[in-house]
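Student: Quick one: the structure is below, and I'll ask about it shortly.
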Amino acid sequence: MAARNIRIGGASGFWGDSPEGARQLILSGEVDYVVFDYLAEITMSLLGRARAKDPAMGYAPDFIADVIKPFARVIAERKLKIISSAGGVNPIACKEAIERELAAQGVSLTVAAVIGDDISPLVPELRQEDVKDMKSGAGLPSGVSTGNAYVGALPVAAALREGASIVVTGRAADSALALGALVHEFGWQPHDYDRMAAGSLAGHVIECGPQSTGGVFTDWREVADGWDNIGYPIVECAADGTFTVTKPTGTGGKVSMATVAEQICYETGDPGNYVLPDVVCDLRSIAVVETGPDRVLVSGVRGKAPTDTYKVSITYQDGFRSIATLMVNGRDAVEKAQAMASAILKKVRRILDREGLGDFDDVSTEILGAEATYGPHSRSGANREVMMKIAARHRSRAAMDIFAREIAPASTSMGQGTAGVMGGRPKVQPVLRLFSMLLQKDRVNLSIVVGDKQPLDVPVPVEGQSLPAAVPDEVRAVAFPQGETVSVPLVRLAYGRSGDKGDDSNIAIIARRPEFASEIERQLTSDAVKEYMAHVVAGPVQRFAWPGLNGFNFLLHRSLGGGGIASLRYDPQGKAHAQMLMDFPIKVPADWVERGLLAA
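Residue numbers (my numbering): 419 to 1018.
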């Protein structure tokens, strides 16, 4: 067991993140491990299509081109360990591609692949069992592209124990990459729930790259001058589960209570029951404390027994879509853009009817620059420059090809001042939807392939609790502020961060000062958020208290128009939801303003 702290850097938040993260962390001399998160539900579907075209593909080739090829020698010389989910739907092919590159450079490193998360062979059996989507209750659709279980950290730890320097996985929980390193280094056991939860949170903090070091931070002016060289996150982890968040020396960005707390809340639901494959985390009483410049200590994480199921994501195709944008300039630009969008749809519908293709399944028009995404809260004036976004979905590709060809002609047949058609016709893309379900862990067999050895089974505890029900907080009677009050936007009292899970979004609100929490609790109820965000939310809104952060987490169900690549919205992941809510009016004691307690 390691007697020292283990330093893990998070170099990639998604497939397509900047290669500078790898360069920065690998060359920093400040880490023992570097983890790379590449996968999302839609990424899996895209990789599945790549594998269908070429059985040797189905992984993220960028990992070899941007990490292994330029840094193999440094990794070997510094004895770094690399863990990545770049394996996608074909971890063995990814492993073999890495080994070919290492051999070409004459670098000797042991590479391991984690396999078994692919549950596609079970799909016929699951269809016979009439399984249902855990959100909608719908049955398993036809045309399945991929099916993968979110597996945990134990296979990663096993691969490291067998001597691997580079470990690639398929679909694993994002935080499991870092947790696997900690289980290996500290000898944590599966029943060490508090430590497993703490290690999972450490992985969660770094899984999105610089989102914990000033990226997408509420107070953006504090970090904007360092965006060009923003530091990727490092967690320095102790055997007792506590960890310090920091970043490489000499980099931009900021590590503070607020930047770390925002990321902790990202893409979560009930903080008392944050369900992961290895443990159920209770994050309500965590402490996030600044201990020095760009150093934040996180402690107080609690863990509970894991569930006896894995979450499984199945992707399938459901028609086609296309999204187009045109810039519209001049007087009455908003009205002109709306008229153009209406005319384009009317024209295409007439053609579709003539060709016997039927109407669209869905359409969406947003006039960007006119605060269209704000709905009734728009403050747009007489805009003279806007972007017309028009999108449609149809079961027939031929119909969407017609839609795509009729966008550019608007620049000569419709409103004057129309520009932005230089890129050609908008792309027609398959609509990829997500089917989520729970699968008993004993039906998923995990193994590792290390170097040239035969596959080695990895036993995983299969007994556990049922999926815990979310427990929203109860609305308490909180006293109104006494004396004179003034109305201020929420951003003056709180930080905010929003994220997505399928078709749901979460908005975390963190009080800037402890005394602000009671006013936020009294006025920012789930009903108030539901009403304020009604233009994007089709389902219920739940609020969860987060006392350790003096905050609240709101879960907005069915708020993303289908989510991911199935959505026609310009913001299908709810990235702007927190920013919208930051303008919610809150009444506060007038003396808070007079005493300078509120943010500017």
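Just so it is clear, CB atoms sit at the ideal spot from N, CA and C, and this is done for glycine as well. Note that the structure is predicted; figures quoted are calculated from it, not measured.
Is DSSP giving Phe778 helix, strand or coil here?
Tutor: Here residue 778 corresponds to residue number 360 of the sequence shown, with the count starting at 1. If DSSP states are grouped into helix, strand and coil, Phe778 belongs with coil.
Student: Could you give the uninterrupted runs of the beta strand (DSSP E) lying entirely in the segment 543 to 616, keeping only those of 3 residues or more?
Tutor: For the segment 543 to 616, whole beta strand (DSSP E) runs of length 3 or above, ordered along the chain, are 562 to 567, 584 to 586.
Student: Quick one: what does DSSP say Lys722 is sitting in, helix, strand or coil?
Tutor: Taking the first residue of the sequence shown as 1, we reach residue 722 at position 304. Three-state DSSP puts Lys722 in a strand.
Student: Exposed or buried, which one is Gly659 when buried takes at least 16 other CB atoms within 10 Å?
Tutor: Walking along the sequence shown from the start, residue 659 turns up at place 241. Result: buried.
Student: Any idea what DSSP makes of Asn924, helix, strand or coil?
Tutor: Looking up residue 924 in the sequence shown gives position 506. In the structure shown, Asn924 sits in a strand (DSSP, three-state: E or B).
Student: When burial is assigned at 16 or more other CB atoms within 10 Å of the CB, is Asp484 buried or exposed?
Tutor: Counting from 1 along the sequence shown, the entry for residue 484 is found at position 66. Answer is buried; the Cβ neighbour count reaches 16.
Student: Residue range of the alpha helix (DSSP H) that Ala705 falls in?
Tutor: Numbered from its first residue, the sequence shown carries residue 705 at position 287. No alpha helix (DSSP H) contains Ala705, which is instead part of the beta strand (DSSP E) from 705 to 710.
Student: CA-CA distance, Leu973 and Ala490?
Tutor: Against the sequence shown, residue 973 aligns to sequence position 555. Against the sequence shown, residue 490 aligns to sequence position 72. If I take the Cα positions, the gap works out to 42 Å.
Student: Quick one: Cα of Val586 to Cα of Leu464, how far?
Tutor: By one-based count along the sequence shown, residue 586 stands at place 168. By one-based count along the sequence shown, residue 464 stands at place 46. Whole-angstrom Cα-Cα distance: 18 Å.
Student: Return the first residue and the last residue of the beta strand (DSSP E) that Phe489 is part of.
Tutor: Taking the first residue of the sequence shown as 1, we reach residue 489 at position 71. Segment 487 to 495 is the alpha helix (DSSP H) holding Phe489; no beta strand (DSSP E) there.
Student: Would you call the segment 637 to 645 and the segment 451 to 465 in contact, with 3 or more CB pairs under 8 Å?
Tutor: No: fewer than three Cβ pairs fall under 8 Å.
Student: Which residue from Ser560, Ile533, Ser554 puts its Cα closest to that of Gln546?
Tutor: Numbered from its first residue, the sequence shown carries residue 546 at position 128. Measuring from the Cα of Gln546, the nearest candidate turns out to be Ser560.
Student: Would you call Asp548 buried or exposed, if buried means 16 or more other Cβ atoms sit within 10 Å of its Cβ?
Tutor: Here the question's residue 548 lines up with position 130 in the sequence shown. With fewer than 16 Cβ atoms within 10 Å of its Cβ, Asp548 is classed as exposed.
Student: Just how far apart, CA to CA, sit Arg813 and Ile820?
Tutor: Taking the first residue of the sequence shown as 1, we reach residue 813 at position 395. Taking the first residue of the sequence shown as 1, we reach residue 820 at position 402. Using only the alpha carbons, I get a separation of about 13 Å.
Student: What separation, rounded to the nearest whole angstrom, lies between the Cα atoms of His609 and Ala615?
Tutor: For this step, residue 609 is matched to residue 191 along the sequence shown. For this step, residue 615 is matched to residue 197 along the sequence shown. Taking the straight line from one Cα to the other gives about 10 Å.
Student: Would you mind sorting Val492 into buried or exposed? The rule is 16 or more other CB atoms within 10 Å of its CB.
Tutor: Along the sequence shown, read from residue 1 onward, the residue named residue 492 stands at position 74. Label assigned to Val492: exposed.
Student: Does the segment 579 to 593 touch the segment 491 to 506, meaning 3 or more C-beta pairs lie closer than 8 Å?
Tutor: Yes, the segment 491 to 506 touches the segment 579 to 593.
Student: Where DSSP assigns a beta bridge to Glu803, which residues make up the other side?
Tutor: Counted from its first residue, the sequence shown places residue 803 at position 385. For Glu803, which the question treats as bridged, DSSP gives the partners Asn747.
Student: DSSP three-state call for Tyr477: helix, strand or coil?
Tutor: Within the sequence shown, residue 477 is the residue found at index 59, counting from 1. If DSSP states are grouped into helix, strand and coil, Tyr477 belongs with coil.
Student: When the Cα atoms are used, what is the spatial distance from Leu857 to Ala470?
Tutor: Looking up residue 857 in the sequence shown gives position 439. Looking up residue 470 in the sequence shown gives position 52. Roughly 25 Å between the two C-alpha positions.
Student: Would you give the residue range spanned by the alpha helix (DSSP H) that Pro363 belongs to?
Tutor: Absent from the model: residue 363. The displayed extent of the chain is 419 to 1018, so no value can be given.
Student: Contact criterion: CB-CB distance below 8 Å. Does Leu445 meet it with respect to chain D?
Tutor: Among the chains in the structure shown there is no chain D, since it carries only a single protein chain.
Student: With a cut-off of 8 Å, do at least 3 Cβ pairs link the segment 649 to 656 to the segment 421 to 430?
Tutor: Yes: at least three Cβ pairs fall under 8 Å.
Student: Return the bridge partner residues of Asp891 from the DSSP annotation.
Tutor: Within the sequence shown, the letter at position 473 stands for residue 891. None; Asp891 has no bridge partner.
Student: Could you give the DSSP three-state label for Thr528: helix, strand or coil?
Tutor: What you label residue 528 is simply residue 110 of the sequence shown in a count that begins at 1. Here Thr528 sits in coil by DSSP.
Student: Just the Cα atoms here: how many angstroms apart are Thr631 and Ile624?
Tutor: Counted from its first residue, the sequence shown places residue 631 at position 213. Counted from its first residue, the sequence shown places residue 624 at position 206. Answer to the nearest angstrom: the Cα atoms are 9 Å apart.
Student: Where do the N-terminal and C-terminal ends of the alpha helix (DSSP H) with Met462 fall, by residue?
Tutor: The residue you call residue 462 lines up with position 44 of the sequence shown. First-last of the alpha helix (DSSP H) with Met462: 459 to 471.
Student: Checking 8 Å against the spacing of the C-beta atoms, do Ala828 and Leu744 come in under that value?
Tutor: Here residue 828 is taken as the residue at index 410 of the sequence shown, counted from 1. Here residue 744 is taken as the residue at index 326 of the sequence shown, counted from 1. A contact, by the Cβ cut-off of 8 Å.
Student: Please list the terminal residues of the continuous alpha helix (DSSP H) segment that includes Ile682.
Tutor: For the purposes of this step, residue 682 is identified with residue 264 of the sequence shown, where counting begins at 1. Segment 675 to 683, the alpha helix (DSSP H) holding Ile682.
Student: Taking its Cβ as the centre, do 16 or more other Cβ atoms sit within 10 Å of Ala952, making it buried, or is it exposed?
Tutor: By one-based count along the sequence shown, residue 952 stands at place 534. Looking at its Cβ environment, which holds fewer than 16 other Cβ atoms inside 10 Å, Ala952 is exposed.
Student: Identify whether Val904 lies in helix, strand or coil by the three-state DSSP scheme.
Tutor: Within the sequence shown, numbered from 1, the residue matching residue 904 stands at position 486. Val904: strand per DSSP, three-state reduction.
Student: Along the chain, where does the alpha helix (DSSP H) that runs through Lys948 open and close?
Tutor: Working through the sequence shown from its first residue, we reach residue 948 at position 530. Per DSSP, Lys948 belongs to the alpha helix (DSSP H) from 944 to 950.
Student: Straight-line CA distance for Val804 to Pro907?
Tutor: As a working note, residue 804 is residue 386 in the sequence shown. As a working note, residue 907 is residue 489 in the sequence shown. So the two alpha carbons sit approximately 26 Å from each other.
Student: Using DSSP with H/G/I as helix, E/B as strand and the rest coil, what is Arg976?
Tutor: Position 558 of the sequence shown, counted from the start, is the residue given in the question as residue 976. Residue state, collapsed to three classes: coil.
Student: Which of the three DSSP states is assigned to Trp433 in this structure?
Tutor: Position 15 of the sequence shown, counting from 1, holds the residue named residue 433. Three-state result, Trp433: coil.
Student: What three-state label does DSSP hand Glu784 in the structure shown?
Tutor: Along the sequence shown, one-based indexing puts residue 784 at 366. Glu784 falls in the strand class under three-state DSSP.
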